[in-house]
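J.: First the structure, then my questions, so here it is.
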Amino acid sequence: MKFAQRLAPLKFNVFADMDRAKALARAAGQNTIDLSLGSSDLPAAAHITDAIANSLSDPSTHGYLLFNGTRSFREAAASWYEQKFGISVNPETEVLPLIGSQEGTAHMPLAVLNPGDFALLLDPGYPSHAGGVYLAGGQIYPMPILAENQFLPVFEDIPMPVLAQSKMMVLSYPHNPTTAIAPLAFFEKAVNFCRQHDLVLVHDFPYVDLVFDDSLGAVDGACPPSRKLMAPSIFQADRDKSVAIEFFTLSKSYSMGGFRVGYAIGNPELITALRQVKAAVDFNQYLGILNGASAALTGPQDTVTTSVETFRKRRDVFVSALRAIGWEVPVPPATMYVWAKLPAPWASDSVKFCTQLVQSTGVAASPGAGFGKSGEGYVRFALVESPEILEAAVRKIAEFLS
Ligand SMILES: Cc1ncc(COP(=O)(O)O)c(C=O)c1O
């Protein structure tokens, strides 16, 4: 069979490679500790699952869900955003429900790029950002983000001919995999740059709540006081929504990854364009899931605070344990990951490190190279196990390294 050329660049997929390595390790009898995927192990709150369960027994939720049927969810998303950031959002024109934020960011390039146009992406970055550009027939200009620049891109380094052919820039802070937070001043610079060069600015924002450190650019939320610490939104820099669209997910803050629900907030023209793409592809997800998501956004927020504290504790335990075995890693200011520079013998081959680690110890992590060229030399650990298991993983890593 002959397949489309656009599939070729999608063949190198770090998660698929690690899945194969994990399966081989399991088949060889290893007990695996899987720190390779950012899939939260915490449960969704009872008021969320109750809302979904109650919807199931209501036959009026069983049909196709067209745009009009999503209004109460769009209102919940708009008021959640307004309460958090104090910026008003029109639920009719500025919000779009998504089947997870990955679905939205991967479809966005279809609405913006013509074949051959460039998208400016972070390197390292989340793999589906690149996947969406390839599916749209676009080209990628990877903006290296390096530790010496606080993992922020240097716009001045983008070559003029590339910029002239570029239609969009994708940012995502707090950042997966580096865990960096972008300060608001950087977002202001990015918005001005995109206005100047007529670029759509996509901001993928799944870790809005998973912030531990206020010294690195996190801002005070509009309210409530118990959840003050959070990362800045792109619309604090683009208050009139002139160039930006921001993507949110219920997967991280509300532990709803498997339910597949997220939403975009942004410039009305961008929202309409993305809706046109999606209208050709899906009918939204099941209304019961949107009801659960509305309950999450409008209901008690104490489980969000508890989740943040859980990940903070895991982060502290894991970083201390790695440092105790002589692996100096920085303390992540945000997200659910640790981004660690590989010890010298492995510094040029993160895939080999991760493959051999899982084969000999059962500990699975993600090779930095899978997130882009500038990720080589690093490994990403997802803190999706209890502190005890994380400590056990570090003991196994110590044996492997010695
Ligand atoms: C940067 C980034 N975007 C999107 C996603 C996926 O989110 P969703 O579950 O909403 O598709 C993740 C998940 O790890 C992520 O890290």
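For the sequence shown, this note's numbering assigns the number 31 to the initial residue and increments by one for each residue that follows.
Idealized CB from N, CA, C, for every residue including glycine.
Which residues count as close to ligand 1 when the rule is a CB under 6 Å from any of its heavy atoms, in chain order?
T.: So the residues near ligand 1 by this Cβ test are 68, 130, 131, 132, 156, 202, 206, 234, 236, 279, 281, 287 and 292.
J.: Please confirm if the stretch 224-237 is in contact with the stretch 94-103, defined as three or more CB-CB distances below 8 Å between the two stretches.
T.: No contact exists between the stretch 224-237 and the stretch 94-103.
J.: Would you call the stretch 315-325 in contact with the stretch 65-81, where contact means no fewer than 3 C-beta pairs closer than 8 Å?
T.: Because the criterion of three Cβ pairs below 8 Å is met, the stretch 315-325 and the stretch 65-81 touch.
J.: Would you call residue 414 buried or exposed, if buried means 16 or more other Cβ atoms sit within 10 Å of its Cβ?
T.: Position 384 of the sequence shown, counting from 1, holds the residue named residue 414. By the neighbour-count rule (16 or more Cβ atoms within 10 Å), residue 414 is buried.
J.: Can you tell me whether residue 410 is helix, strand or coil according to DSSP?
T.: Taking the first residue of the sequence shown as position 1, residue 410 is located at position 380. Strand at residue 410.
J.: Bridge partners of residue 276, per DSSP?
T.: Indexing the sequence shown from 1 puts residue 276 at position 246. DSSP output for residue 276 lists 233 and 295 as bridge partner(s).
J.: What are the start and end residues of each continuous beta strand (DSSP E) run of 3 or more residues lying completely inside the stretch 99-131, in chain order?
T.: If we require 3 residues or more, the beta strand (DSSP E) runs fully inside the stretch 99-131 come out as 125-128.
J.: Thinking C-alpha only, which one of 279, 203, 291 and 284 is nearest residue 336?
T.: The residue you call residue 336 lines up with position 306 of the sequence shown. Minimum Cα distance to residue 336 is reached at 284.
J.: Can you list, in chain order, the residues of its chain whose CB lies under 7 Å from that of residue 421, leaving out five sequence neighbours each side?
T.: Here residue 421 refers to the residue found at position 391 when the sequence shown is read from its first residue. Around residue 421: 347 and 351.
J.: Which ranges does the beta strand (DSSP E) cover as unbroken runs of at least 3 residues, wholly within the stretch 164-207, from first to last along the chain?
T.: Counting whole runs of 3 or more residues, the stretch 164-207 contains the beta strand (DSSP E) stretches 169-174 and 196-201.
J.: Between the C-alpha atoms of residue 290 and residue 280, what's the straight-line distance to the nearest angstrom?
T.: If you number the sequence shown from 1, residue 290 lands on position 260. If you number the sequence shown from 1, residue 280 lands on position 250. About 8 Å.
J.: Using the DSSP secondary-structure output, state which residues sit across from residue 393 in a beta bridge.
T.: The residue you call residue 393 lines up with position 363 of the sequence shown. The partner list for residue 393 (beta bridge, DSSP) reads 63.
J.: Could you spell out where the beta strand (DSSP E) holding residue 371 opens and where it closes?
T.: Here residue 371 is taken as the residue at index 341 of the sequence shown, counted from 1. Counting along the chain, the beta strand (DSSP E) containing residue 371 begins and ends at 367-371.
J.: Going along the chain, which residues of its own chain have a beta-carbon closer than 6 Å to the beta-carbon of residue 208, five neighbours each way excluded?
T.: Within the sequence shown, numbered from 1, the residue matching residue 208 stands at position 178. Cβ within range, chain order: 181 and 369.
J.: Measuring only between beta-carbons, confirm whether residue 349 sits less than 8 Å from chain B.
T.: The displayed structure is made up of one protein chain only, and chain B is not part of it.
J.: Do residue 445 and residue 147 have their CB atoms nearer than 8 Å?
T.: Nothing about residue 445 can be reported from this structure: the residues present for the chain run from 31 to 432 only.
J.: Smallest Cα separation from residue 177: which of 375, 401, 210 and 218?
T.: As a first step, residue 177 is located in the sequence shown; it is residue number 147 there, counting from the start. For the residues 375, 401, 210 and 218, the minimum Cα distance to residue 177 belongs to 210.
J.: How should residue 233 be labelled, buried or exposed, when 16 other C-beta atoms within 10 angstroms of its C-beta is the threshold for buried?
T.: Reading the sequence shown from its first residue, position 203 is the one you call residue 233. So residue 233 ends up on the buried side.
J.: In three-state DSSP terms, what is residue 249?
T.: For the purposes of this step, residue 249 is taken as residue 219 along the sequence shown, with counting starting at 1. Its pLDDT being 47, under 50, residue 249 is placed unreliably by the model, and the measurement read from it follows with that caveat. Residue 249 falls in the strand class under three-state DSSP.
J.: Am I right that residue 295 and residue 124 are in contact with their C-beta atoms under 8 Å? What's the rounded C-beta distance?
T.: Along the sequence shown, one-based indexing puts residue 295 at 265. Along the sequence shown, one-based indexing puts residue 124 at 94. Correct: roughly 6 Å between the Cβ atoms.
J.: Do you know offhand how far residue 19's Cα is from residue 48's?
T.: Only positions 31 to 432 of the chain appear in this structure, which leaves residue 19 out of reach.
J.: Between the stretch 212-227 and the stretch 376-383, do at least 3 Cβ pairs fall closer than 8 Å?
T.: The answer is no - the stretch 376-383 does not touch the stretch 212-227, with fewer than three Cβ pairs under 8 Å.
J.: For a quick check, are the C-beta atoms of residue 173 and residue 151 less than 8 Å apart?
T.: In the sequence shown, the residue the question calls residue 173 occupies position 143. In the sequence shown, the residue the question calls residue 151 occupies position 121. Yes, Cβ-Cβ distance for residue 173 and residue 151 is below 8 Å.
J.: Can you tell me which residues form a DSSP beta bridge with residue 312?
T.: The count along the sequence shown starts at 1 and reaches residue 312 at position 282. Residue 312 pairs with nothing; no bridge assigned.
J.: Can you tell me the Cα-Cα spacing of residue 18 and residue 332, whole angstroms?
T.: With the chain represented from 31 up to 432, any question about residue 18 goes unanswered, as that position is not in the structure.
J.: Just how far apart, CA to CA, sit residue 112 and residue 261?
T.: As a first step, residue 112 must be located in the sequence shown, where it is residue number 82. As a first step, residue 261 must be located in the sequence shown, where it is residue number 231. When rounded, the distance between both Cα atoms is 15 Å.
J.: Between residue 161 and residue 40, how many whole angstroms is the CB-CB distance? I'm expecting something under 8 Å.
T.: Position 131 of the sequence shown, counted from the start, is the residue given in the question as residue 161. Position 10 of the sequence shown, counted from the start, is the residue given in the question as residue 40. Indeed, because the Cβ distance is near 6 Å, the residues count as touching under 8 Å.
J.: Just the Cα atoms here: how many angstroms apart are residue 367 and residue 64?
T.: Mapped onto the sequence shown, residue 367 falls at position 337. Mapped onto the sequence shown, residue 64 falls at position 34. About 13 Å.
J.: Measure the beta-carbon distance from residue 82 to residue 318 and round it to whole angstroms, keeping in mind my assumption that it falls under 8 Å.
T.: The sequence position of residue 82 within the sequence shown is 52, counting from 1. The sequence position of residue 318 within the sequence shown is 288, counting from 1. Their Cβ separation, rounded to whole angstroms, is 5 Å, which keeps residue 82 and residue 318 in contact under 8 Å.
J.: Please report the distance separating the alpha-carbon of residue 399 from that of residue 31.
T.: For the purposes of this step, residue 399 is taken as the residue at position 369 of the sequence shown. For the purposes of this step, residue 31 is taken as the residue at position 1 of the sequence shown. Whole-angstrom Cα-Cα distance: 31 Å.
J.: Can you have a look at residue 122 and say buried or exposed, based on whether 16 or more other CB atoms are within 10 angstroms of its CB?
T.: What you label residue 122 is simply residue 92 of the sequence shown in a count that begins at 1. Exposed: under 16 other Cβ atoms inside 10 Å.
J.: Going by beta carbon distance, what residues of the same chain come within less than 6 Å of residue 303, once the five residues before and after it are set aside?
T.: Within the sequence shown, residue 303 is the residue found at index 273, counting from 1. The answer, listed in chain order, is 141.
J.: Could you pull out every unbroken alpha helix (DSSP H) segment of at least 4 residues lying fully inside the stretch 301-345, listed in chain order?
T.: 317-328, all fully within the stretch 301-345.
J.: When you compare only the Cα positions, how much space is there between residue 387 and residue 149?
T.: Position 357 of the sequence shown, counted from the start, is the residue given in the question as residue 387. Position 119 of the sequence shown, counted from the start, is the residue given in the question as residue 149. Cα-Cα distance, rounded: 34 Å.
J.: Measure the beta-carbon distance from residue 119 to residue 108 and round it to whole angstroms, keeping in mind my assumption that it falls under 8 Å.
T.: Position 89 of the sequence shown, counting from 1, holds the residue named residue 119. Position 78 of the sequence shown, counting from 1, holds the residue named residue 108. The pair is a contact, with the Cβ atoms about 4 Å apart (cut-off 8 Å).
J.: Taking the alpha helix (DSSP H) that residue 430 belongs to, which residues open and close that run?
T.: Position 400 of the sequence shown, counted from the first residue, corresponds to residue 430. That run of the alpha helix (DSSP H) goes 417-431.
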